[in-house]
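Beneath this line is the structure, given in C-alpha cells, with notes to follow.
Number of protein chains: 2
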Amino acid sequence: MNKKSIQSLEEMKKLLEEEILHQSGNIVINLAGIPKVSKSNDIIGNCLQEWLPQWFQDNHLNLESNRYTQTFPDFIAHFDKEGKKDEMIDIKCWNYKNNPAFDIANFDSFYNVMYKNPSKIFAKYLTIGYEPIEHGFKIDYVGLHDLWEILGETKKYPLNVQVKRGRPYAIRPVNFVKNPKSAFKDSYKVLDAVKKFREKFPSDVVDYTPDEWLKKTKSYLDGNLNKECK
Amino acid sequence: MNKKSIQSLEEMKKLLEEEILHQSGNIVINLAGIPKVSKSNDIIGNCLQEWLPQWFQDNHLNLESNRYTQTFPDFIAHFDKEGKKDEMIDIKCWNYKNNPAFDIANFDSFYNVMYKNPSKIFAKYLTIGYEPIEHGFKIDYVGLHDLWEILGETKKYPLNVQVKRGRPYAIRPVNFVKNPKSAFKDSYKVLDAVKKFREKFPSDVVDYTPDEWLKKTKSYLDGNLNKECK
Numbered sequence: 034m035n036k037k038s039i040q041s042l043e044e045m046k047k048l049l050e051e052e053i054l055h056q057s058g059n060i061v062i063n064l065a066g067i068p069k070v071s072k073s074n075d076i077i078g079n080c081l082q083e084w085l086p087q088w089f090q091d092n093h094l095n096l097e098s099n100r101y102t103q104t105f106p107d108f109i110a111h112f113d114k115e116g117k118k119d120e121m122i123d124i125k126c127w128n129y130k131n132n133p134a135f136d137i138a139n140f141d142s143f144y145n146v147m148y149k150n151p152s153k154i155f156a157k158y159l160t161i162g163y164e165p166i167e168h169g170f171k172i173d174y175v176g177l178h179d180l181w182e183i184l185g186e187t188k189k190y191p192l193n194v195q196v197k198r199g200r201p202y203a204i205r206p207v208n209f210v211k212n213p214k215s216a217f218k219d220s221y222k223v224l225d226a227v228k229k230f231r232e233k234f235p236s237d238v239v240d241y242t243p244d245e246w247l248k249k250t251k252s253y254l255d256g257n258l259n260k261e262c263k
Numbered sequence: 034m035n036k037k038s039i040q041s042l043e044e045m046k047k048l049l050e051e052e053i054l055h056q057s058g059n060i061v062i063n064l065a066g067i068p069k070v071s072k073s074n075d076i077i078g079n080c081l082q083e084w085l086p087q088w089f090q091d092n093h094l095n096l097e098s099n100r101y102t103q104t105f106p107d108f109i110a111h112f113d114k115e116g117k118k119d120e121m122i123d124i125k126c127w128n129y130k131n132n133p134a135f136d137i138a139n140f141d142s143f144y145n146v147m148y149k150n151p152s153k154i155f156a157k158y159l160t161i162g163y164e165p166i167e168h169g170f171k172i173d174y175v176g177l178h179d180l181w182e183i184l185g186e187t188k189k190y191p192l193n194v195q196v197k198r199g200r201p202y203a204i205r206p207v208n209f210v211k212n213p214k215s216a217f218k219d220s221y222k223v224l225d226a227v228k229k230f231r232e233k234f235p236s237d238v239v240d241y242t243p244d245e246w247l248k249k250t251k252s253y254l255d256g257n258l259n260k261e262c263k
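From first to last, the protein sequence lines are chains A and B. Residue 168 in the numbering used here sits at position 135 of the first sequence, and the numbers go up by one each step. Residue 128 in the numbering used here sits at position 95 of the second sequence, and the numbers go up by one each step.
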C-alpha cells in the first residue's frame with residue numbers, strides 16, 4: 034500500500050485503478066452468531082460509500098465528511114494541510130450492468146444550493162461501477178469526473194431529471210461510460226440546462242428568476258474557470 | 034434452533050423474542066482483502082431486512098418476496114402449504130434511539146394500491162429496533178403489529194405523512210413503542226384518516242373521489258374484518 038499521502042485527484046484515481054479496479058469483495062451481516070451474505074444493489078452501493086473513505090484515510094488522504102449531510106457533495110478532500118488544494122468530492126456507486134442511475138441531487142435543492150454557493154459546479158464525482166457476483170461483488174469501473182462530464186439532456190428535457198407526477202425529483206447522470214458524447218461539453222452547458230429545466234418546471238418557493246440564477250452562477254464560473262482547467 | 038416449521042404470526046414473534054431480541058451483530062464489507070465495519074443506520078436497516086428473511090427460511094418459514102417490489106408489503110408468509118394461512122408482512126427496522134421514522138409507503142401509491150387491493154389493510158408489520166454500538170449493533174426491540182397499531186395522526190394532519198413543498202411523500206409511523214396511544218384504534222380509523230388526508234392534498238391523477246375510495250375500502254373491511262379478529 035502507498036504510504037505517501039495522496040497529493041491530487043490524479044493520484045487518487047491512479048490508486049483506485051491500481052488497487053481497487055477488478056478486485057472483488059463481499060458484505061456479511063452477522064446477527065446472533067449467524068452470518069448471511071448481503072448482496073442487494075442498495076447495500077453494495079451504500080457499503081462501498083462507507084468503505085472507500087476509510088480506505089482513503091488508510092492511504093493518508095484526509096477525506097472530510099460534509100457536515101451538512103443534506104446537501105451535496107459528501108466529502109472535501111484535503112490534498113495539503115493548508116487547505117489550498119481542497120476538492121469537493123462525491124462518491125457514487127452503481128451496478129455496472131445497468132445504466133448509472135444514482136441520484137446526484139434533488140433538482141430543487143441543487144438549484145438553491147448552486148445559487149447560494151456556485152463553487153459547487155466544480156464538484157468532482159468519483160464513480161464506481163460494481164457487478165454483483167455469486168457471493169459478493171467485483172469492481173468493474175472506477176472514474177473521476179467533473180460534474181459536466183456526467184450530466185446531459187434527455188429526449189424530453191434539457192437535463193436528465195427524474196420527473197414524477199409532473200414534479201422534478203432527482204438529477205440523474207447520463208450514460209457517461211458507454212456514451213460519453215451524451216454528456217455536456219462544459220460547465221456552462223450544465224448551467225444553461227439547469228436554467229432551461231427550471232423554466233419548464235417553475236419553483237414557487239425561491240425569490241430569484243431563472244435568469245437571475247443563471248447570471249449569478251455564470252458570473253462565478255467566468256471568474257473561477259481557471260480552477261477547472263487542469 | 035427450532036426445527037418445527039412456524040405455524041402462525043404468534044410463533045414468528047415468539048421465535049424473534051427468544052433468539053433475536055437483545056442479540057448483537059455486525060456488518061463487514063471486504064474489498065481487495067481489506068475489511069471495514071459498516072455502521073450507518075441505512076446499512077444496518079437494509080442488511081437486517083436481508084438477514085431476517087434468510088433466517089426465517091432457516092427456521093422453516095416460507096417467506097416469499099413480493100414480486101412487485103414497488104408496492105407494499107414486501108413478503109407473504111405461507112404458514113401452511115395450502116396457502117390458507119398466508120399473511121402479508123413487511124419488515125421495518127429503525128435506530129431504536131430515535132423515533133421510528135421508516136417509510137411505510139408513498140402516500141399516493143398507498144392510496145392507489147389500497148383502492149385496487151383493499152386486503153392490504155390487513156398487512157402485518159414486523160418492527161425491529163436496533164441500537165448502533167461500537168463495532169456493530171444490537172437488537173433492542175422486536176414487535177409484530179397490525180397497520181392501524183403503528184399509524185396515527187399528527188398535530189397538523191389527519192395522518193402522519195411527510196409533506197415536502199406542499200406535496201405528500203412517505204407515510205410514517207407514529208411512536209407506537211413509547212406512545213402506543215398515539216396510534217389509531219382500529220383499521221376503520223386508518224381508512225378515515227387516509228380519506229381526510231387525501232381531501233387536504235387532492236390527487237389530479239386518479240379517477241375516483243375520496244368518498245368513493247372510502248366506500249370501497251370500508252366495504253371490504255366490513256366483509257372481512259373477522260380475519261383481523263384473531
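C-beta atoms are modelled at their ideal positions from N, C-alpha and C, and glycine is treated no differently.
- Query: Given a threshold of 16 other Cβ atoms within 10 Å of its Cβ, counted over all protein chains shown, does Asp-113 (chain A) qualify as buried or as exposed?
  - Reply: exposed
- Would Leu-64 (chain A) count as contacting chain B if we go by Cβ distances under 8 Å? yes
- Task: May I ask you to list, following chain order, the residues of the stretch 113-133 of chain B that have a beta carbon less than 9 Å from some beta carbon of chain A?
- Result: none
- With DSSP as the reference, label Glu-44 (chain A) as helix, strand or coil. helix
- Just how far apart, CA to CA, sit Asn-150 (chain B) and Phe-155 (chain A)? 48 Å
- Given a threshold of 16 other Cβ atoms within 10 Å of its Cβ, counted over all protein chains shown, does Asp-237 (chain A) qualify as buried or as exposed? exposed
- Message: When you compare the CB positions of Asn-92 (chain B) and Leu-42 (chain B), do they come within less than 8 Å of one another, or not?
- Response: no
- Task: Compute the Euclidean distance between the alpha carbons of Glu-261 (chain A) and Lys-233 (chain A), then round it to the nearest angstrom.
- Result: Only weak support is given to the placement of Glu-261 (chain A): the predicted model assigns it a pLDDT of 49, under 50, and the question is left unresolved by the model.
- Message: With the cut-off set at 8 Å, would you say Asp-173 (chain A) and Glu-164 (chain A) are in Cβ contact?
- Response: yes
- Query: Where does the unbroken beta strand (DSSP E) through Leu-64 (chain A) begin, and where does it stop?
  - Reply: 57-64
- Taking Ser-38 (chain A) as the reference, which of A:Asn-95, A:Pro-86, A:Arg-205 and A:Ser-71 has the closest Cα? A:Asn-95
- Task: Below 9 Å between beta carbons is the criterion; list the residues of the stretch 37-64 of chain A that meet it against any residue of chain B, in chain order.
- Result: Glu-52, Ile-53, Gln-56, Ser-57, Gly-58, Asn-59, Ile-60, Val-61, Ile-62, Asn-63 and Leu-64
- What do you get for Pro-201 (chain B), buried or exposed, if any count of 16 or more other CB atoms within 10 angstroms of its CB means buried? buried
- Task: Classify Phe-230 (chain A) as helix, strand or coil using the three-state DSSP reduction.
- Result: helix
- Rounded Cβ spacing between Val-239 (chain B) and Asn-145 (chain B) (contact assumed at less than 8 Å): 6 Å
- Three-state secondary structure assigned by DSSP to Thr-250 (chain A): helix
- Message: What would DSSP say about Met-34 (chain A), mapped onto helix, strand or coil?
- Response: Residue confidence for Met-34 (chain A) is low, a pLDDT of 45 falling below 50, so the modelled location carries little weight; the figure read from the coordinates is stated next. Of the three classes helix, strand and coil, the one that applies to Met-34 (chain A) here is coil, per DSSP.
- Query: Is His-55 (chain A) buried or exposed, if buried means 16 or more other CB atoms sit within 10 Å of its CB?
  - Reply: exposed
- Message: If the cut-off is 7 Å on Cβ atoms, which residues from the stretch 68-82 of chain B count as contacting chain A, listed in chain order?
- Response: Lys-69, Ser-71, Ser-73, Asp-75, Ile-76, Asn-79 and Cys-80
- Message: What does the alpha-carbon distance come out to for the pair Phe-143 (chain B) and Ser-152 (chain B)?
- Response: 12 Å
- Query: Quick one: what's got a C-beta closer than 8 Å to Asn-257 (chain A)'s C-beta in the same chain, skipping five residues either side?
  - Reply: Ser-152 and Phe-155
- Based on the DSSP secondary-structure assignment, which residues constitute the bridge partners of Leu-111 (chain A)? Residue identity differs from the one stated: residue 111 (chain A) is His in this sequence, not Leu. Note: His-111 (chain A) sits in a beta bridge opposite A:Asn-95 and A:Asp-119.
- Message: Counting C-beta neighbours from all protein chains within 10 Å, is the total for Gln-26 (chain A) 16 or more, i.e. buried, or is it exposed?
- Response: Chain A is shown from 34 up to 263; residue 26 (chain A) falls before or after that span and cannot be answered.
- Message: Can you pull out the residues from the stretch 190-222 of chain B whose beta carbon lies closer than 8 Å to at least one beta carbon of chain A?
- Response: Arg-198 and Arg-200
- Message: Quick check on Trp-246 (chain A) - is its C-beta less than 8 Å from some C-beta in chain B?
- Response: no
- Task: Report yes if the CB atom of Asp-123 (chain B) is closer than 8 Å to the CB atom of Pro-106 (chain B), and no otherwise.
- Result: yes
- Message: By alpha-carbon positions, which one of A:Gly-58, A:Ala-138 and A:Asn-128 ends up nearest to Val-210 (chain A)?
- Response: A:Asn-128
- Message: Please report whether the beta-carbon of Gln-90 (chain B) lies at a distance below 8 Å from any beta-carbon of chain A.
- Response: no
- Item | Contacting residues, own chain, Cβ-Cβ under 6 Å from Lys-69 (chain A) (five flanking each side not counted) | Ile-62
- Asp-244 (chain B) versus Phe-140 (chain B): straight-line alpha-carbon distance, rounded: 17 Å
- Identity of the residues DSSP links to Leu-159 (chain A) by a beta bridge: A:Ile-124 and A:Leu-177
- Ala-134 (chain A), DSSP secondary structure in three states: coil
- If you follow the alpha helix (DSSP H) that Tyr-241 (chain B) is part of, which residue opens it and which one closes it? Per DSSP, Tyr-241 (chain B) belongs to no alpha helix (DSSP H) and is neither H nor E.
- Query: So, is Lys-125 (chain A) buried or exposed, given that buried needs 16 or more other C-beta atoms within 10 angstroms?
  - Reply: buried
- Where does Glu-51 (chain B) fall in DSSP's three states? helix
- Nearest-angstrom Cα separation, counted from Trp-88 (chain B) out to Gln-40 (chain B): 16 Å
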